[in-house]
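Just below is one structure, and these are the notes that go with it.
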Ligand code: CIZ
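In this note's numbering, the protein residues as written are 40 to 344.
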C-alpha cells in the first residue's frame, strides 16, 4: 500500500517539478520520502538553492511561510491547512507592536517559530541553535525583547546575562516533558546522556547534560562516544537520530511529547497536495520584504557555517 503511494508521490513530484521538505519532527515515513530533512530554516534555505518550482513543506504553517519568504517565485504547499503552531500563534503583530511601545529603544529578536507578520515587526530572527550567539552580538546597552518562547528566552538570558523582556509563549508539546520524566529515564538509563531542547521548561533543562536544537542534537549524537541518549524534545527526531546512528540507543524522555500538528501530514495528504496544488501558503510582498530583513540580519551576523 505504502509502496503504491510512494510511487505516486514520486511521479507527481516529477510532474510538478517539486521538492519535498520534512521537518525533524515529522513522522518517520515522511522523513524517509523527503528530498531534504532538517530544521525549519535550514530546509527553506536548501529549497531556495534548488530549481524546483514547487515546495511541499511537511511541517507547520510558520515553516511554510519562511519558505515563501526565502523562495520568492516558488509555489509553497502545506499538505494540511490546519497544521499550525500554537507557539507561533501565541503572539500577534499587534501585540508585538504594543510591547515595542512599552519598551522604547529595545531591540526585538523573534524565534523562527513565529508568524511572518511577527518576523516583519522584529529586528532580528533567530533559531534555537543560534539565539545565544545572536543576542551576544547585539549592543550591550540595548534591552532585548524576545518573542514568543519564554523558555528559549530564559535560556538565552541566562547564557548571555542580558536584560531581556520575555513574551510568555511556550510550546505545548515541549512543556509536557516533566522533571519527573527525566528523573525516571535517568534512573532507568544512568549512563545515558540527556539532550534537551531549549523550549523545555527550566527544571527539565536543569537536569540535562546538553541543551541543543534538533540540528545540534543530530550533530552531537554523531560525534559523541556515548551509546545511550535520553531525548527531551518532540519524538519525531528519534527517527532521524536512529537512522544516523543505528548502533546507539535513543530513549524518548516522554512518550507524550508528540506534536499533533506535525503529525497531521500523511502520505495521502502529500498526494492530494501535489494533485490539487494545495494548500498554498503565501506571504504578501510587503510583509515578506520586512520579514526577510530580520532573517537577513541574522545571517549577516552569523554567517551559515
Ligand atoms: O527551528 C526549528 O526547526 C525547530 C522548531 C526546532 C529545532 O530545534 O530545529
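Glycine included, C-beta positions come from ideal geometry on N, C-alpha and C.
Asked                                                                                                                                                                         : Found
Closest to residue 52 by C-alpha separation, out of 42, 266, 72, would be which residue?                                                                                      : 72
Pairing CB atoms from the stretch 303-312 with CB atoms from the stretch 139-146, are three or more of them under 8 angstroms?                                                : no
Can you find a heavy atom of the ligand GTP that lies under 7 angstroms from the Cβ of residue 151?                                                                           : The ligand GTP is not part of this structure, which contains only the ligand CIZ.
Look up residue 308 in the DSSP assignment and say whether it is helix, strand or coil.                                                                                       : helix
Under 7 angstroms from any heavy atom of the ligand CIZ, does the C-beta of residue 60 make it?                                                                               : no
Can you tell me where the beta strand (DSSP E) with residue 338 in it begins and where it stops?                                                                              : From DSSP, residue 338 is part of no beta strand (DSSP E) but of the alpha helix (DSSP H) over 324-340.
Tell me which residues share the same chain as residue 164 and place their Cβ nearer than 7 angstroms to its Cβ, disregarding the 5 neighbours each side in the sequence.     : 149, 151, 158, 333, 334, 337
Quick one: using the 10 Å Cβ neighbour count with 16 as the cut-off for buried, is residue 323 buried or exposed?                                                             : exposed
When the Cα atoms are used, what is the spatial distance from residue 133 to residue 186?                                                                                     : 13 angstroms
Residue 213: beta carbon under 7 angstroms from a heavy atom of the ligand CIZ?                                                                                               : no
For the ligand CIZ, I want to know if residue 236 counts as a neighbour, meaning its beta carbon is within less than 7 angstroms of at least one of the ligand's heavy atoms. : yes
In three-state DSSP terms, what is residue 236?                                                                                                                               : coil
Do residue 191 and residue 160 have their C-beta atoms within less than 8 angstroms of each other?                                                                            : no
Which residues bound the beta strand (DSSP E) around residue 47?                                                                                                              : Counting along the chain, residue 47 falls outside any beta strand (DSSP E), though it belongs to the alpha helix (DSSP H) covering 41-55.
Alpha carbons only, please: which of 301, 306, 307 is nearest the one belonging to residue 122?                                                                               : 301
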